[in-house]
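Quick notes on the structure that follows.
In this note's numbering, the protein residues as written are 1 to 148.
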């Protein structure tokens, strides 16, 4: 089972390739080869999925009714903002320029393990999207994790 956690600092090389940290590579399913999916997030970051995890989301999105006026724009936006990448033998992935622009990434990146996926952030933007107030974190934890 794929399970990503923690934060990792990394850098893009001159060609826009990102070296995935060893701990992230170790969690990738071996039977999927070197193919990963990258999606533009609703936040100003990117999401990397192993194929097995992407296929779960893909099934939900592609299974929406194509005649529903709300579902079609959702499908269009989801699929237009998603691309397949291949990890080379050195553990690098080439991130397309329009994806880097979406996440405002130039060189430095923070990778954040999010369970079944990994977020890729501009470090400055990432800090702005973290919950800084412990009481706010507590309230959200109670709201979403407390007993119902």
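Just so you know, even glycine gets a beta-carbon here, dropped at the ideal spot from N, CA and C.
Contact check between the region 95–109 and the region 40–50: three or more CB pairs, one atom from each, fall below 8 Å, which counts as touching. The beta-carbon distance between residue 12 and residue 112, rounded to whole angstroms, is 16 Å. This is too long to meet the 8 Å contact definition. Here residue 99 is actually not in contact with residue 61; their C-beta atoms are around 18 Å apart, not less than 8 Å. Contiguous beta strand (DSSP E) elements confined to the region 62–86 occur at 82–86, taking only those with 3 or more residues. Each residue's CA atom was taken as its position, placing residue 7 and residue 86 some 22 Å apart. According to the DSSP assignment, residue 25 belongs to the alpha helix (DSSP H) that extends over 22–27. In the structure shown, the three-state DSSP call for residue 40 is strand. In the three-state reduction of the DSSP assignment, residue 11 falls in the strand class, which pools E and B.
The region 21–36 makes no contact with the region 131–146; the number of CB pairs closer than 8 Å stays below 3. In this structure, residue 18 sits near residue 93, with a CB-CB distance shorter than 9 Å. By the neighbour-count definition (other C-beta atoms within 10 Å, threshold 16), residue 120 is a buried residue.
The Cβ-Cβ distance between residue 95 and residue 16 falls below 9 Å. CA-to-CA, the gap between residue 2 and residue 82 works out to about 20 Å.
When DSSP states are grouped into helix, strand and coil, residue 46 belongs to the strand group.
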